[in-house]
Structures are given as C-alpha cells and as structure tokens.
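Q: The numbering of the sequence shown is numbering that gives the first Met the number 0, which starts it at 0 and goes up by one. Heads up, the beta-carbon is just placed ideally off N, CA and C, and yes, glycines get one too. Let me begin by handing over the structure; questions about it come next.
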Amino acid sequence: MGNYILLRLFGIIPLLLGISIITFSVIHLAPGKPTDLQTQLNPKISQQTRERLEKLYGLDKPLHVQYIAWLKKIIRLDFGTSFTDGRSVRLKILETLPITLIINVLSIIFILLIAIPVGIASATKQHSWFDRFSTVFVFVGFSMPSFWLALLLIIFFSIKLGWLPISGLHSLNYDQMSYFQRLTDFGRHLVMPVFIGAFGGIAGMSRYMRSNMLEVLNQDYIRTARAKGLSEFRVVYKHALKNAVIPLITILGLSVPGLIGGSVIIESIFAIPGMGRLFFQSAMSRDYPVIMGILTMGAVLTLIGNLFADICYGIADPRIKYEKN
0 MGNYILLRLF GIIPLLLGIS IITFSVIHLA PGKPTDLQTQ LNPKISQQTR
50 ERLEKLYGLD KPLHVQYIAW LKKIIRLDFG TSFTDGRSVR LKILETLPIT
100 LIINVLSIIF ILLIAIPVGI ASATKQHSWF DRFSTVFVFV GFSMPSFWLA
150 LLLIIFFSIK LGWLPISGLH SLNYDQMSYF QRLTDFGRHL VMPVFIGAFG
200 GIAGMSRYMR SNMLEVLNQD YIRTARAKGL SEFRVVYKHA LKNAVIPLIT
250 ILGLSVPGLI GGSVIIESIF AIPGMGRLFF QSAMSRDYPV IMGILTMGAV
300 LTLIGNLFAD ICYGIADPRI KYEKN
C-alpha cells in the first residue's frame, strides 16, 4: 500500500501539469483581457497606457513564456498577485478556502447519512410505496437546478417564515453574541447552502446504493445466510451492507469535483465569502492569477480526493492488492 500511495502521489505531478497547461491556455485564449475592463469604459486612456498595463501584467509576452513564468512561481507556492486589488492570491485563497471546505465536507456527510439508509430501504422493500417515493425523489433531485431550488428555499424559509438568514455567514449583531450564540448563528447560515449542496448528491447516491444492494442481495452467499436461519437484519446489515457500500467509495471520490464546482453557484447565491464566490468574481474581472490559483487548488483537492477514495477502496475490499499491480 505504501508503494502504491507513493506512485500515485508522483503520478499527480504530470496530471497537474497537464491540467494547468489546458486551463492556462483556455483562460488566456478566451475573449477579453484584464486590461479591457480597466480601459474600455474610460475614453481618456490612450493606446500607450493600455500597452503599459499589459506590460505591467506580463500580458505582452508570448503565451508559453507567460505559462513558464507562472509555473516557476507555482513551484515556489507563489500564486502571484491579484490584478484587481494587488493582494496576494495565496492569501485570498487561504481566506476563502476554509468555508468552502466546511460546506463541502458537511454536504458529503449529509449525503452519506441520508443516501445510504434510503438506498438500503429502497432495495430491501423493492416496489413498495417507499421505493416508488424515493424513485420520484431521485428524478426530482436530478432535474431540479440548484439555483432554482435555492431561490425557492430563500423565499419560503427566509422571507415568508423568517426561520433562516438569507445570505452571508453572520448576523449583524454577531459581535455582541456569546460563543454558543455565535455557533448557532453560524450553523443557521449554513443550513440552506449545505442542503442545496447535498440535494443532488443524495438523489444520485441513494440510487447507486439501491442498485448495489439489490445486486448483493441476489448473491449466493446471501441466500446461504438466509438458509442458515439468520435474521433479515443480520443478513442485510452484517453481510450485504459491507459489500454494497464498496462501490460508493469510488463514486464519492469522483463527486468531489462536482461539489467544488457547485460551490460557485451556492456561494454566489447566498453571498458566502468562499472560494467559489471568489472564482466567480475573478472570472468576471478576468483576474488571471486568482483564476489559475483557484483552478490549481481545485485540481489538487480533486486528485487528493480520488487518491483517498482509492486507498479507502483497497482497505474496504481485501481482494484488491495494489502492490501486485
């Protein structure tokens, strides 16, 4: 296992290199430059001023020269400075990353707590009213856009009922609150973002869990366990559940990019100062260093998530021997 982890960690390097080349090229070849937003609305700015700005940002050089200069900085963990406010990109990412991670980790926990029991119940009670209801829920979850669901929840729970705050992470009187009140206030602000982030995942994961459980329940060793007179509870939760959960580990690792990408919409709607909202603002202002920094960080988190999922897969399934492969 140790050799496998080392090989996978070394394998992340060329993957990150390829991802950075593609994203750097796409961003710089997209229409519009950072200097356009600063100069187009001001008719007094001359062509010489525009050229000086491009030289200041290093945009006057060929694309491959810009990429190599960016890569040399990234190797030293220097993400550069933002075009919009001149602040360190690394500092801006470190300020916004924790809240994005909190929302995504809570969403994953919420998905697992809901999807696995729903999938088990749907499989063990196939064609029952609960199975039909969960099937409808899955189709609704897949088809409902997250931004539309977020707006519906804001209208109902925030505007009509007044139970949950509309946006942000803290209330206006946050500084006057006690520690427990601050914790409660922070949790109330996260209820809707976490639910929106987990809603689509619950729908998909419960369906995967149902199909895995149905496949396992039809295996010979399950029939043998039932023939031995074991209770249905022991058959399902001791013998079938362990094997049915194994494929979910891989799916969970692959769902990390979707959760990080969904943070852009959720944090923008709820005005949460996270990495997703920072990415949206940076993309609108063509802030290349911040965009590349966030995409690089997202790629690293995604690859580490997939590696962690593969390691957990090997631990959960003793039939997999990474060393021999």
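Beta carbon of Ser205, beta carbon of Ala114: below 7 angstroms?
A: As a first step, residue 205 is located in the sequence shown; it is residue number 206 there, counting from the start. As a first step, residue 114 is located in the sequence shown; it is residue number 115 there, counting from the start. Yes, the Cβ-Cβ distance between Ser205 and Ala114 is below 7 angstroms.
Q: Which class does Thr249 belong to by DSSP, given the choice of helix, strand or coil?
A: To locate residue 249, count along the sequence shown from 1; it is residue 250. Helix, per DSSP.
Q: Are Ile271 and Ile195 closer than 7 angstroms when you measure CB to CB?
A: Numbered from 1 along the sequence shown, position 272 holds the residue referred to as residue 271. Numbered from 1 along the sequence shown, position 196 holds the residue referred to as residue 195. It is not a contact, given that the beta carbons lie outside the stated cut-off.
Q: Look up Thr95 in the DSSP assignment and say whether it is helix, strand or coil.
A: Translated into positions along the sequence shown, residue 95 becomes position 96. Of the three classes helix, strand and coil, the one that applies to Thr95 here is helix, per DSSP.
Q: Quick check on Thr183: buried or exposed, where buried means 16 or more other Cβ atoms within 10 Å of its Cβ?
A: One-based indexing of the sequence shown puts residue 183 at position 184. Under this definition Thr183 is an exposed residue.
Q: Could you tell me which uninterrupted alpha helix (DSSP H) segments, each at least 4 residues in length, are contained entirely in the segment 66-148, listed from first to last along the chain?
A: Qualifying alpha helix (DSSP H) stretches, in chain order: 88-123, 128-142.
Q: With 16 as the cutoff for other CB atoms within 10 Å, does Asn217 come out buried or exposed?
A: Residue 217 sits at position 218 when you count from the first residue of the sequence shown. That one is exposed.
Q: Contact between the segment 17-32 and the segment 62-72 is defined here as three or more beta-carbon pairs at a separation below 8 angstroms; is this criterion met?
A: Result yes; three or more Cβ-Cβ pairs closer than 8 angstroms.
Q: Excluding the five sequence neighbours on either side, which residues of its own chain have a C-beta within less than 6 angstroms of the C-beta of Asn324, listed in chain order?
A: In the sequence shown, the residue the question calls residue 324 occupies position 325. Low local confidence applies: a pLDDT of 48 at Asn324 is under 50, so the model's placement there is unreliable, with the coordinate-based value given in what follows. Excluding positions up to five away in sequence, the list is empty.
Q: Identify whether Asp286 lies in helix, strand or coil by the three-state DSSP scheme.
A: For the purposes of this step, residue 286 is taken as the residue at position 287 of the sequence shown. Three-state result, Asp286: coil.
Q: Taking the alpha carbon of Ser262 as the point to measure from, which residue in Gln280, Gly79, Ile314, Thr249 has its own alpha carbon closest?
A: Working through the sequence shown from its first residue, we reach residue 262 at position 263. It is Gln280.
Q: Could you check what DSSP says for Ser230 in three-state terms: helix, strand or coil?
A: In the sequence shown, counting from the first residue as 1, residue 230 sits at position 231. Of the three classes helix, strand and coil, the one that applies to Ser230 here is coil, per DSSP.
Q: Could you give the residue range of the alpha helix (DSSP H) that holds Gly330?
A: A query on residue 330 cannot be resolved here, the shown segment of the chain reaching from 0 to 324 and no further.
Q: Using 8 angstroms for Cβ pairs, my map puts Thr34 next to Leu58. What's the rounded Cβ distance?
A: Mapped onto the sequence shown, residue 34 falls at position 35. Mapped onto the sequence shown, residue 58 falls at position 59. Confirmed, Cβ separation roughly 7 angstroms.
Q: Use the C-beta contact count for Thr123: other C-beta atoms within 10 angstroms, 16 or more gives buried, fewer gives exposed.
A: Within the sequence shown, numbered from 1, the residue matching residue 123 stands at position 124. Thr123 comes out buried.
Q: On the three-state DSSP scale, how would you describe Ala202?
A: Locating residue 202 in the sequence shown gives position 203, counting from the first residue. Reduced to three states, the DSSP call for Ala202 is helix.
Q: Residues in its own chain within less than 6 angstroms of Leu152 by CB, not counting five upstream and five downstream?
A: The residue labelled residue 152 in the question sits at position 153 within the sequence shown. Excluding sequence neighbours, Leu152 sits near Met191.
Q: Classify Ile154: buried if its beta carbon has 16 or more other beta carbons within 10 angstroms, exposed otherwise.
A: Mapped onto the sequence shown, residue 154 falls at position 155. It counts as exposed.
Q: Considering Ile158, what are the terminal residues of the alpha helix (DSSP H) in which it resides?
A: Here residue 158 is taken as the residue at index 159 of the sequence shown, counted from 1. From DSSP, Ile158 is part of no alpha helix (DSSP H); its letter is neither H nor E.
Q: Compute the Euclidean distance between the alpha carbons of Tyr207 and Met296, then round it to the nearest angstrom.
A: Against the sequence shown, residue 207 aligns to sequence position 208. Against the sequence shown, residue 296 aligns to sequence position 297. Roughly 29 angstroms between the two C-alpha positions.
Q: Please name the residue, chosen from Ile18, Arg187, Leu302, that lies closest to Gly252 on a Cα-to-Cα basis.
A: As a position in the sequence shown, residue 252 is number 253, starting the count at 1. The option with the nearest alpha carbon to Gly252 is Leu302.
Q: Answer with buried or exposed for Met283, where buried requires no fewer than 16 other C-beta atoms within 10 angstroms of its C-beta.
A: Position 284 of the sequence shown, counted from the start, is the residue given in the question as residue 283. The residue is exposed, with fewer than 16 neighbouring Cβ atoms inside 10 Å.
Q: Could you check if Pro288 is buried or exposed, using at least 16 other CB atoms within 10 Å of its CB as the buried criterion?
A: Locating residue 288 in the sequence shown gives position 289, where the first residue counts as 1. Classification for Pro288: buried.
Q: Please report how far the alpha carbon of Pro30 lies from the alpha carbon of Arg285, in whole angstroms.
A: Taking the first residue of the sequence shown as position 1, residue 30 is located at position 31. Taking the first residue of the sequence shown as position 1, residue 285 is located at position 286. Near 10 angstroms, if we compare the C-alpha coordinates of Arg285 and Pro30.
Q: Taking the straight line between their C-alpha atoms, what separation do you get for Cys311 and Val88?
A: In the sequence shown, counting from the first residue as 1, residue 311 sits at position 312. In the sequence shown, counting from the first residue as 1, residue 88 sits at position 89. Spanning the two alpha carbons is a distance of roughly 33 angstroms.
Q: Quick one: Cα of Gly292 to Cα of Glu94, how far?
A: The count along the sequence shown starts at 1 and reaches residue 292 at position 293. The count along the sequence shown starts at 1 and reaches residue 94 at position 95. C-alpha separation (whole angstroms): 13 angstroms.
Q: Whose C-alpha, out of Ile92, Thr249, Asp219, Leu258, is nearest the C-alpha of Ala239?
A: Working through the sequence shown from its first residue, we reach residue 239 at position 240. Considering only alpha carbons, the answer is Asp219.
Q: From Ser106 to Leu189, what distance separates their C-alpha atoms?
A: Position 107 of the sequence shown, counted from the start, is the residue given in the question as residue 106. Position 190 of the sequence shown, counted from the start, is the residue given in the question as residue 189. Rounded to the nearest angstrom, the two C-alpha atoms are 10 angstroms apart.
Q: So Gly140 and Ile201 are in contact, right, with Cβ under 8 angstroms, and what is the actual spacing, rounded?
A: Numbered from its first residue, the sequence shown carries residue 140 at position 141. Numbered from its first residue, the sequence shown carries residue 201 at position 202. Sure, about 6 angstroms apart at Cβ, within 8 angstroms.
Q: Based on Cα-Cα distance, which residue from Val299, Ala308, Gly79, Asn305 lies nearest to Gly17?
A: Along the sequence shown, one-based indexing puts residue 17 at 18. Measuring from the Cα of Gly17, the nearest candidate turns out to be Val299.
Q: Where does Lys32 fall in DSSP's three states?
A: On the sequence shown, residue 32 is found 33 positions in, with the first residue counted as 1. Looking at Lys32 - three-state DSSP - the assignment turns out to be coil, as it is neither helix nor strand.
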